Every structure is written in structure tokens, then in C-alpha cells.
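**Q** Numbers given in our numbering equal positions in the sequence shown, counted from 1, plus 110.
Where a beta carbon is used, it is the ideal one built from N, C-alpha and C, also for glycine.
Just so you know, these numbers come straight off a predicted model, no measurement behind them.
One structure follows; several queries about it will come next.
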Amino acid sequence: LAHISPHRWTLLGGGLLGFLSGLAALAQPMVAKLVVDSLGQHRSLGGPVALLTALAVGGALLSAAGTYLLGRAAESVVLSARHGLISRLLRLRVGALDHLEPGDLLSRVTSDTTLLRSVSTYGLVHSINAAFLLVGSVVLMFTLDRVLLLVTLAVLAVNGLAVLLVVPRIRRATERSQAAVGGMGSALERTLGAFRTVKAHGAEEEEIATVGEAAHRAWRRGVEVAGWTALMEASAGLAVQVSFLAVLGVGGVRVATGVLPVSSLIAFLLYLFLLTDPISSLVNGVTQLQAGLAAVVRMRELQELPTEPAATRASTPEPSSSSGPAPASVAFAEVWFRYRSPPDSSWVHRDLTFEIPPGGMTALVGPSGAGKSTVFALLERYYEPQSGTIAVDGRDIGDWPLPELRAAIAYVEQDAPILAGTLRENLCMATPDATDDDLRAVFTLTRLDDLLERLPDGLDTPIGHRGTTLSGGEQQRIAIARALLRRPRVLLLDEATSALDAVNEQALRGLIEAVALTTTVVVIAHRLSTVHSADRILVMEAGRVRAVGTHDELVETDDLYRQLAETQLLAAEP
Numbered sequence: 111l112a113h114i115s116p117h118r119w120t121l122l123g124g125g126l127l128g129f130l131s132g133l134a135a136l137a138q139p140m141v142a143k144l145v146v147d148s149l150g151q152h153r154s155l156g157g158p159v160a161l162l163t164a165l166a167v168g169g170a171l172l173s174a175a176g177t178y179l180l181g182r183a184a185e186s187v188v189l190s191a192r193h194g195l196i197s198r199l200l201r202l203r204v205g206a207l208d209h210l211e212p213g214d215l216l217s218r219v220t221s222d223t224t225l226l227r228s229v230s231t232y233g234l235v236h237s238i239n240a241a242f243l244l245v246g247s248v249v250l251m252f253t254l255d256r257v258l259l260l261v262t263l264a265v266l267a268v269n270g271l272a273v274l275l276v277v278p279r280i281r282r283a284t285e286r287s288q289a290a291v292g293g294m295g296s297a298l299e300r301t302l303g304a305f306r307t308v309k310a311h312g313a314e315e316e317e318i319a320t321v322g323e324a325a326h327r328a329w330r331r332g333v334e335v336a337g338w339t340a341l342m343e344a345s346a347g348l349a350v351q352v353s354f355l356a357v358l359g360v361g362g363v364r365v366a367t368g369v370l371p372v373s374s375l376i377a378f379l380l381y382l383f384l385l386t387d388p389i390s391s392l393v394n395g396v397t398q399l400q401a402g403l404a405a406v407v408r409m410r411e412l413q414e415l416p417t418e419p420a421a422t423r424a425s426t427p428e429p430s431s432s433s434g435p436a437p438a439s440v441a442f443a444e445v446w447f448r449y450r451s452p453p454d455s456s457w458v459h460r461d462l463t464f465e466i467p468p469g470g471m472t473a474l475v476g477p478s479g480a481g482k483s484t485v486f487a488l489l490e491r492y493y494e495p496q497s498g499t500i501a502v503d504g505r506d507i508g509d510w511p512l513p514e515l516r517a518a519i520a521y522v523e524q525d526a527p528i529l530a531g532t533l534r535e536n537l538c539m540a541t542p543d544a545t546d547d548d549l550r551a552v553f554t555l556t557r558l559d560d561l562l563e564r565l566p567d568g569l570d571t572p573i574g575h576r577g578t579t580l581s582g583g584e585q586q587r588i589a590i591a592r593a594l595l596r597r598p599r600v601l602l603l604d605e606a607t608s609a610l611d612a613v614n615e616q617a618l619r620g621l622i623e624a625v626a627l628t629t630t631v632v633v634i635a636h637r638l639s640t641v642h643s644a645d646r647i648l649v650m651e652a653g654r655v656r657a658v659g660t661h662d663e664l665v666e667t668d669d670l671y672r673q674l675a676e677t678q679l680l681a682a683e684p
């Protein structure tokens, strides 16, 4: 009801037209009785036949108009549901999305919402109309012959008991079927996401078997739904057929004894056949309602996940000087953090405390698992610490409006994603108002001029799904250019030069050093060349900062840093 409420007037209009069409259908058996009586009494047939024709044509036109309105409203219900789910999905907290499968989420947005189309027409409006027509038919059958009506209702009551037993099974089977479809989507998304890896390892047959098994599970669940649905529809059809035979037998005896006119028996049988449509509509409506409720359950699971507050896009920061926005300081104070899944996971940060002054380049180094990348995740507020405070520019990040905070911070991941679309769309994802002059400036800084000249349509050239037409170095330079377009106050780089050759790395390192003059640059370093040029280095171990200093100072004073410099950092050099 919450989904259809915004479209209630369109649904009401379509339902009313359908109801009027049903009334026209209800009148036809009575007019047919009038035709038969006119034949027996040798009266003119012109009037009754014309009335019967008008009822048939008018009913068809009303039915077509009502069906269109209902179909339009149903599509609108689906559109609204998809808008709501997409908005919810893209505002999910990162922690909520970490343990969900993208394929299953896509199934909830596409397949599950499609079920609302049927439930908002057959499941509700058609069922309500069918109930009115059923009552109307029963009343008119009562006026024709009470005995035949009792025979009919007795047969239909037995069918009703069977329906009550089947309905809950349809809902449960539909929930399992939709979950299986989501599982198939997840299996396929997993394979397509590693398409080149699958090819390189010759694992096509294994992946085909894996996805095929998921498809087979979906098929089995779908067949289960089809079986229960077929049983329900067959039961309804059988009830009408048995009712017809019983009425024909009992009615024939009553006609033979002169209790019932032949025209009344014909009209009663026509109403009995007319019952087929509302009964079928009710059966379909109940079936579709169960499917819709199963879909709503899965959609509600997504709607109940924690989300970030809704907010409009933050504008690009206004320059505080001719050189751009002022750099910001970063401070962690007694921060304790661990991921909530699994619940007994170990602490990633343990009383983490450090301060980075505005401007300059700071490098984070440490062994794997020291919590370096989590520092960036907490700064972006992808997660919230269990205790402690994190401040940017002396202000607790919890007090920043989230869009404003993220507008002040640019984050370049190590495997920076490239979205399907044009080069311009990728660069301007966060800065749609960027001018061509802005783009040319970052192209020059990030050495993307050669790429731009090579692309046939320049900025408007599609660059493939996930940037498959670009080299790894080009993808990283695009990600850095995208970040620089935002004119951030803090630039977070998760070793963004790792995929570059020596020449481009040296050039880009020079760029980063230049950016560090006006922006606070924080780098997770995996190469010795990166830390050599850093103004300060934070050495992390087991979720804490154990030492701070320059490269030369730390080589002299910190055993862990000296070991990292001689092994891990040096081994990563090109």
C-alpha cells in the first residue's frame, strides 16, 4: 500500500473503468434471457440485440481504457520503487555494503521491483473488481434460482479450502525463487568482474559450471512456484467445471418438472461461465499478491540497511587565495577502531594518535595490516571509530556536513576505478562545472596530453567499461587528475604511482611535491622513492604510530623503519 499510495487516483480511475466494464458484462446474461423470451413470445428482437451489442462493445472499450490506466500506474509504481531503492543503495554506508553481493542487490532493484507491476494491478485492483463482480453475479444468480446457487456455492467452497492451503506455499516458494535469482546474478557478476583473470587461467568451464549451477537452482525454485501456481489455477478451473455439470444436471431436472424456465437456466449458465473470469482474477490476484509480498520483503531488507544522511552535492571549495583553497591539518586522538564483521574481529587501530600539520607531504609506512588504509577510510567517514576523535582543520569530522567534508578531501585509491563512459564524464564526476581550461591544466600536470591526442573524439571518447582500453598508468593518472580538479584541501594517495613507469612516476612525483606546497598530501607509501621526498613519515605498527620523522632520522632511530627501507620499500622500486 505504501508503494501504490502516490498513484492511487490513477489506479482508482483504471479500477472504476474496469468495474463499469464488469457491470456491462453482468448485464449481458439478463439481456440474453430477454432475447430468448422475445423469441418464445414472438416479439421483436431489434431492441434486445442492439442493447446486447452496445453492452459488448462498450464493455470492451471501458476494459481497454481501464487496462491502460492500470498498466501506466503499475509502471509508475515500479519506477518509484526503483528510484527509492537506487537512492537507498547509493547512500548505504560502506560498512553495510562490504558484505553484500552486487548481483543480489541488482536483482532486488530490477527483478523484485518488477513484481510490483503485477501486484498493483492483478493483486489489488483486479482482485477488488473481481470480488465486486463475483458478488454481483451471485446476487443475480440468486434472483434466478436459489437451489442452483446453493449447488454452485457448495462446489466453490470446497475449492476455497484448497486455495487457503496453497496460498502460503506460493509466497514462500516465491521468496526462495527470488533469492535464487539474486544468487545467480551474484555468481555471474563475480565471474564478469574477473573476466580477464578467468581467461588467463583457462577457468571458463569451471566458471560456466558454477554460474550454471546457480541458474539451475533458480530454475528449480521457479518450477516450484509454477507447480503451486498451476495447482491453484487448476483447482479454480475445476471448481467452475464441476459447478457447471452440477447446475446442468440439477437445472435440467428443474426445467423438466416446470419449476424453472429454460431462459432462466440459460441465463444462470451464462452467469456461471461469467464467474470464470472473476474467480480466475481472484486466483491470479492472490498469486501475484504473494509474489509481491515476497519481493517487498527482500526490498525492505535493503531499505533497513544503515545509510549516510541525504544531502545535496557540495560545491567546489572557493579559493582562499589565488593559489587555491587553504590546506587543512589532520589529527587522530586516541582512536580505537575495529570492523564490526565478524563481531569478534581484532582491533585495527589501538589508541591511534598523531597530528599532520597543514601543507606538505606526509607518508604512512608500515607492515601489512598496520591500519594504514583504514586511516583513509576513517577520514572519509566510510566507517565510524568506536572511540576517540578525528579532526580536519581542527574540527571534529563528525561536526562536518558529510558532503562538505568529502569536498575538502580527495581520495585516490591504489586501484582507482574508471567508470564506463567518456573521458570527460570520468574526470568531471565530482566537478560537473569544470571548464575545458581546468581540464587542460590537469592534463598537463598529470601528463595526459598524449592520451588526449590519441583518442579519436578527445574528451568525449568512450574509454570502455572499467577503463579496459587504457593502461594501468593511464587509469591512475586519470584518477589523480579527477582528484586535482576538486581543488582539495587534503589529498589522500594510496600509493597512486604504483602502476606508472619510471619516467611518468618521476614526473608525477614532482607534481605531488608541487601540490604539497598548497595542499596537505598524505601518501600510503610502498616505495622508498616516495618516502625520500616526504616532509614527514609516520611509521605504523599494530594500529599505532610508533615513530615520526624524516627518512634519514628514522633510518638512524627506528629499527622497524630501517628494516622496511631495506626490504619492503626498496623491493617495490621499479
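#1: Which same chain residues end up closer than 7 angstroms to Glu411 when comparing Cβ atoms and leaving out the 5 residues on each side of it in sequence?
#2: Below 8 angstroms, how does it come out for the region 446 to 465 and the region 484 to 499: are there three or more Cβ pairs, yes or no?
#3: Return the CA-CA distance between Leu537 and Ala517, expressed in angstroms with no decimal places.
#4: By the 10 Å Cβ neighbour count, where 16 or more other Cβ atoms means buried, how is Tyr178 classified, buried or exposed?
#5: If contacts are defined as beta-carbon pairs under 8 angstroms, then Thr472 and Phe442 qualify, I think. What distance do you get, rounded to the angstrom?
#6: Whose C-beta lies closer than 7 angstroms to the C-beta of Ala183 among residues of the same chain, with five residues either side of it excluded?
#7: From which residue to which residue does the beta strand (DSSP E) around Trp510 run?
#8: Over the uninterrupted alpha helix (DSSP H) stretch that includes Thr667, give me the two end residues.
#9: So, is Val665 buried or exposed, given that buried needs 16 or more other C-beta atoms within 10 angstroms?
#10: Could you compute how far the alpha carbon of Gly653 sits from the alpha carbon of Arg564?
#11: The beta strand (DSSP E) with Ile318 in it runs from where to where?
#12: Quick check: the Cα distance between Glu334 and Val522, rounded to an integer number of angstroms?
#13: So Ala404 and Gln288 are supposed to be a Cβ contact under 8 angstroms. How far apart are they, rounded?
#14: State the Cα-Cα distance for the pair Asp645 and Gly470, rounded to the nearest angstrom.
#15: Cutting at 6 angstroms between CB atoms, please list the residues of its own chain near Ser237, excluding the five before and the five after it.
#16: How many Å lie between Leu189 and Thr417 at the Cα?
#17: Strictly by DSSP, which residues pair up with Ile647?
#18: By the DSSP assignment, the beta strand (DSSP E) with Glu523 in it spans what residues?
#19: Tell me, to the nearest whole angstrom, how far the beta carbon of Ser373 is from that of Val146; I am working on the premise that it is less than 8 angstroms.
#20: Buried or exposed for Gln398, going by 16 or more other Cβ atoms inside 10 Å?
#21: Alpha helix (DSSP H) containing Val407: first to last residue?
#22: What is the DSSP secondary structure of Arg654, reduced to helix, strand or coil?
#23: So Gln413 packs on Arg192, CB below 8 angstroms; how close in whole Å?
#24: Let me make sure I understand the geometry here. Which of Ser131, Gly181, Gly176 has the alpha-carbon closest to that of Ala164?
#25: Name the two residues that bound the continuous beta strand (DSSP E) containing His459.
#26: Considering only their Cβ atoms, is the gap separating Glu317 from Val308 smaller than 8 angstroms?
#27: Whose C-beta lies closer than 7 angstroms to the C-beta of Gln400 among residues of the same chain, with five residues either side of it excluded?
**A** Short version:
#1: For this step, residue 411 is matched to residue 301 along the sequence shown. Closer than 7 angstroms at Cβ, skipping near neighbours: no residue.
#2: yes
#3: Looking up residue 537 in the sequence shown gives position 427. Looking up residue 517 in the sequence shown gives position 407. So the two alpha carbons sit approximately 15 angstroms from each other.
#4: The residue labelled residue 178 in the question sits at position 68 within the sequence shown. The residue is exposed, with fewer than 16 neighbouring Cβ atoms inside 10 Å.
#5: Walking along the sequence shown from the start, residue 472 turns up at place 362. Walking along the sequence shown from the start, residue 442 turns up at place 332. About 12 angstroms separates the two Cβ atoms, so there is no contact after all.
#6: Along the sequence shown, one-based indexing puts residue 183 at 73. Cβ neighbours of Ala183 beyond the five flanking positions: His117, Thr120, Leu121, Gly124, Ser230.
#7: Numbered from 1 along the sequence shown, position 400 holds the residue referred to as residue 510. Careful: Trp510 lies outside any beta strand (DSSP E) and carries neither H nor E.
#8: Numbered from 1 along the sequence shown, position 557 holds the residue referred to as residue 667. 661 to 667 is the span of the alpha helix (DSSP H), which, as asked, contains Thr667.
#9: Taking the first residue of the sequence shown as position 1, residue 665 is located at position 555. Exposed is the call here.
#10: Position 543 of the sequence shown, counted from the first residue, corresponds to residue 653. Position 454 of the sequence shown, counted from the first residue, corresponds to residue 564. Straight across, the Cα-Cα distance linking Gly653 with Arg564 is about 45 angstroms.
#11: In the sequence shown, counting from the first residue as 1, residue 318 sits at position 208. Element bounds for Ile318: not the beta strand (DSSP E) but the alpha helix (DSSP H), 314 to 366.
#12: In the sequence shown, residue 334 corresponds to position 224, counting from 1. In the sequence shown, residue 522 corresponds to position 412, counting from 1. If you take the alpha carbons of Glu334 and Val522, they lie about 48 angstroms apart.
#13: The sequence position of residue 404 within the sequence shown is 294, counting from 1. The sequence position of residue 288 within the sequence shown is 178, counting from 1. Right, the Cβ-Cβ distance comes to about 6 angstroms (below 8 angstroms), so this counts as a contact.
#14: Walking along the sequence shown from the start, residue 645 turns up at place 535. Walking along the sequence shown from the start, residue 470 turns up at place 360. Asp645 and Gly470: Cα-Cα distance of roughly 6 angstroms.
#15: Within the sequence shown, numbered from 1, the residue matching residue 237 stands at position 127. Closer than 6 angstroms at the Cβ level, and outside the excluded window around Ser237, lie Leu392, Gly395.
#16: For the purposes of this step, residue 189 is taken as residue 79 along the sequence shown, with counting starting at 1. For the purposes of this step, residue 417 is taken as residue 307 along the sequence shown, with counting starting at 1. If you take the alpha carbons of Leu189 and Thr417, they lie about 21 angstroms apart.
#17: Here residue 647 refers to the residue found at position 537 when the sequence shown is read from its first residue. Beta-bridge pairing links Ile647 to Ala473, Gly659.
#18: As a working note, residue 523 is residue 413 in the sequence shown. First-last for Glu523: undefined, no H or E at that position.
#19: Your numbering for residue 373 matches position 263 in the sequence shown. Your numbering for residue 146 matches position 36 in the sequence shown. Indeed, because the Cβ distance is near 4 angstroms, the residues count as touching under 8 angstroms.
#20: Translated into positions along the sequence shown, residue 398 becomes position 288. Classification for Gln398: buried.
#21: For the purposes of this step, residue 407 is taken as residue 297 along the sequence shown, with counting starting at 1. Annotation for Val407: the continuous alpha helix (DSSP H) segment containing it runs 386 to 413.
#22: The count along the sequence shown starts at 1 and reaches residue 654 at position 544. Looking at Arg654 - three-state DSSP - the assignment turns out to be strand.
#23: Start at 1 with the first residue of the sequence shown, and residue 413 comes out as number 303. Start at 1 with the first residue of the sequence shown, and residue 192 comes out as number 82. Not a contact, Cβ separation roughly 13 angstroms.
#24: Counting from one through the sequence shown, the residue named residue 164 turns up at place 54. Selected option, being the one with the closest Cα: Ser131.
#25: Taking the sequence shown and counting its residues from 1, one reaches residue 459 at position 349. Start and end: 459 to 466.
#26: Numbered from its first residue, the sequence shown carries residue 308 at position 198. Numbered from its first residue, the sequence shown carries residue 317 at position 207. Cβ distance < 8 angstroms, so Val308 and Glu317 count as in contact.
#27: Counting from 1 along the sequence shown, the entry for residue 400 is found at position 290. Contacts found: Val277, Ile280, Arg281, Thr284.
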